[in-house]
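J.: Going by the numbering used here, the sequence shown opens with residue 244, and the numbers climb by one from there.
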Amino acid sequence: MGQFLNSREPYDKYRTVILELKVDHTPEEAIAQIKEKEYALRFKGKMAETERYTGRILAVGISYDKETKEHACKIEVL
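#1: From Ala273, Ala275, Thr259 and Asp267, pick the residue whose C-alpha is nearest to that of Thr311; which is it?
#2: Could you compute how far the alpha carbon of Lys280 sits from the alpha carbon of Lys309?
#3: On the CB-based measure, 16 or more other CB atoms within 10 Å of its CB, does Glu263 come out buried or exposed?
#4: Provide the residue span of the alpha helix (DSSP H) that contains Glu279, from first to last.
#5: Helix, strand or coil: how does DSSP classify Leu264 here?
#6: Closer than 6 Å by C-beta to Ile300: which residues in its own chain qualify, once you throw out the five before and the five after it? Chain order, please.
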């Protein structure tokens, strides 16, 4: 189960972060979900409009293993 934390407008006009949390999955799976569901599009604006956000978007995937109690993180620029 993942969680998409969102904001209507990015706080920083030069960069924003999309964070996906996963339990018993990998950080790579979290980032894959960010890409597959196209979460970054909400910061780009609608077709034929001027882009609302032109800064860097970071995809952050964080995973937690319930059995080992370990976490892992991966960050990727979209």
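Glycine included, C-beta positions come from ideal geometry on N, C-alpha and C.
T.: Looking at the coordinates:
#1: Asp267
#2: 25 Å
#3: buried
#4: Pro270 to Glu279
#5: strand
#6: Thr259, Ala283 and Leu321
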